[in-house]
Each structure stands twice: as C-alpha cells, then as structure tokens.
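**Q**
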Amino acid sequence: MFVDYLAVMLINLGAGLALLAHYVYVKPEKEARKSWAAGFFAVGLLGLLTSLPMVLTWPLPGGFNVAYGEPGLFFSILFLAAAMTLIFEWEPLIPAIYGFFGAIYAIVIGIRIENLHLGSNPFAALMGFLLTGIGGMLVLPTIQWRNNRALAILTAVILGLAALLWLYTGYDAGWGHVADFAKWMPK
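With positions in the sequence shown counted from 1, the corresponding number in my numbering is that position plus 698.
#1: Let me know the secondary structure DSSP gives ASN813 once reduced to three states.
#2: Short of 7 Å in beta carbon distance, which residues of its chain neighbour ALA713, apart from the five on each side in sequence? Order them along the chain.
#3: Is it buried or exposed, LEU814, if we count other Cβ atoms within 10 angstroms and call 16 or more buried?
#4: Check whether the segment 725 to 743 touches the segment 757 to 769, taking contact to mean three or more Cβ pairs, one atom from each stretch, closer than 8 Å.
#5: Excluding sequence positions up to five away, which residues of its chain have a Cβ less than 6 Å from the Cβ of ALA804?
#6: Going by DSSP in three states, GLU768 sits in which element: helix, strand or coil?
#7: Given ALA736, which residues of its chain have a CB within under 8 Å of its CB, disregarding the five upstream and five downstream residues?
#8: Assuming LEU784 and PHE738 make a contact with CB atoms under 8 Å, what is their CB distance in whole Å?
#9: Have a look at ARG847 and TYR703 and give me their C-alpha separation to the nearest angstrom.
#10: Which of helix, strand or coil does DSSP assign to TRP734?
#11: Quick check: LEU857 and VAL764, are their CB atoms within less than 9 Å of each other?
#12: Assign ALA880 to one of three DSSP states: helix, strand, or coil.
#13: Just to confirm, are VAL753 and ALA801 a CB contact at a threshold of 9 Å?
#14: Would you kindly work out how many angstroms separate the C-alpha atoms of VAL724 and LYS732, rounded to a whole number?
#15: In the DSSP assignment, find the alpha helix (DSSP H) that holds TYR721 and state where it starts and stops.
#16: Rounded C-beta distance between ALA860 and GLY833? I'm assuming under 8 Å.
#17: Can you find the residues in the same chain that come closer than 8 Å, C-beta to C-beta, to LYS728, ignoring five residues on each side of it along the sequence?
#18: Could you work out which residue in LEU816, LEU708, ILE841, GLY874 is closest to PHE798 when comparing CA atoms only?
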C-alpha cells in the first residue's frame with residue numbers, strides 16, 4: 699500500500715486559494731499587508747513539506763506525482779515568496795508575475811489529467827486546475843490595476859470557486875483514505 703497525503707495537499711491548496719481570494723477582494727492598503735504574511739507562509743510551508751517529497755520520492759502511483767506534486771511545489775514556493783513580499787513590504791506585483799506562469803502550468807496539467815482520464819473524477823480535477831489557473835492568471839492584472847473593483851471581484855470569485863472545489867475534493871479524499879487505511883498495519 700502506498701502513502702497517500704494528497705488530501706492534506708488539496709485542503710492546503712483550497713485554503714491558500716481562499717486566502718488569496720480574500721486578499722484580492724479586500725485589497726489591503728500597504729501598511730496592512732504584513733498581517734497577511736502568516737497565512738501565506740503557512741500555506742507555502744505545508745505545501746513545500748508535502749509536495750517536495752512527492753516530487754522526489756513518488757509515493758503515489760504513476761502520473762499523480764507529477765500532476766499534483768509539481769504544481770504543488772510551484773504553488774508552495776509562490777506562497778512563500780508572497781509571504782516574504784508582505785513581510786518586507788515589497789511590491790506584490792513580482793510574485794504575481796511569477797505566479798502567472800504557474801497558473802498556465804495548472805491549466806496544462808488539468809487538461810492532461812482529463813485527456814488521460816486520471817483519477818476517479820478527471821473532470822473535477824480539470825475544473826479545479828482550470829479555475830485555479832484562470833484565477834491565478836487574473837491575479838496579475840488585479841494587482842497591476844488595484845483600483846479596478848470589478849476585476850478584483852471577478853478574480854476573487856474564480857479563486858473562491860477553485861478553493862471550494864479543492865476543499866471538497868480534499869475533504870472527500872480524506873474521508874475515503876481513513877476507510878482505505880482503517881485496517882492497514884505496517885509490516
């Protein structure tokens with residue numbers, strides 16, 4: 699039996715997207731941004747601690763390690779960079795530019811998961827990756843044009859929908875994994 703900690707990775711992703719959605723919706727002033735750093739750091743750290751081992755050791759069967767580990771690692775580094783940006787009061791546009799390329803990667807991975815019919819619900823994964831990617835791509839113009847309220851709301855809604863999808867998927871996976879491992883004993 700393989701080690702499967704994908705549920706906590708998906709819940710972390712959902713939490714991070716919810717935090718980002720709230721950040722772009724609230725649009726905190728420069729002097730209030732530091733307080734957001736702890737949330738971004740927590741998401742980045744947990745993501746790093748779970749995605750890096752997945753990329754290096756391949757605990758899951760087949761392509762799931764690539765499909766979830768690599769985007770998870772990118773997402774984690776992005777959130778750690780965002781946390782540093784907020785702590786040091788740097789320009790948030792820089793991690794948004796970096797994140798734009800990760801957002802494109804999310805879309806590519808989502809399409810490939812659906813194309814290969816990976817997992818029990820590849821369409822849900824496709825929608826999660828698409829919403830994450832589209833929302834992530836919109837963060838860049840939302841931060842660039844900070845006073846465009848309609849763009850901020852659109853971005854927050856798309857990120858929020860992605861967060862809800864990943865949270866549902868993660869909690870559902872956790873529920874199933876407890877049953878799957880209920881009688882497992884180490885050898």
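Even glycine gets a Cβ: it sits at the ideal position worked out from N, Cα and C. Owing to the predicted nature of the structure, the values given are computational and were not obtained by experimental measurement.
**A** Considering the structure as presented:
#1: helix
#2: VAL741
#3: exposed
#4: no
#5: PRO769, PHE827, THR830, GLY831
#6: helix
#7: ALA781
#8: 6 Å
#9: 38 Å
#10: helix
#11: no
#12: coil
#13: no
#14: 14 Å
#15: 704 to 724
#16: 5 Å
#17: GLU787
#18: ILE841
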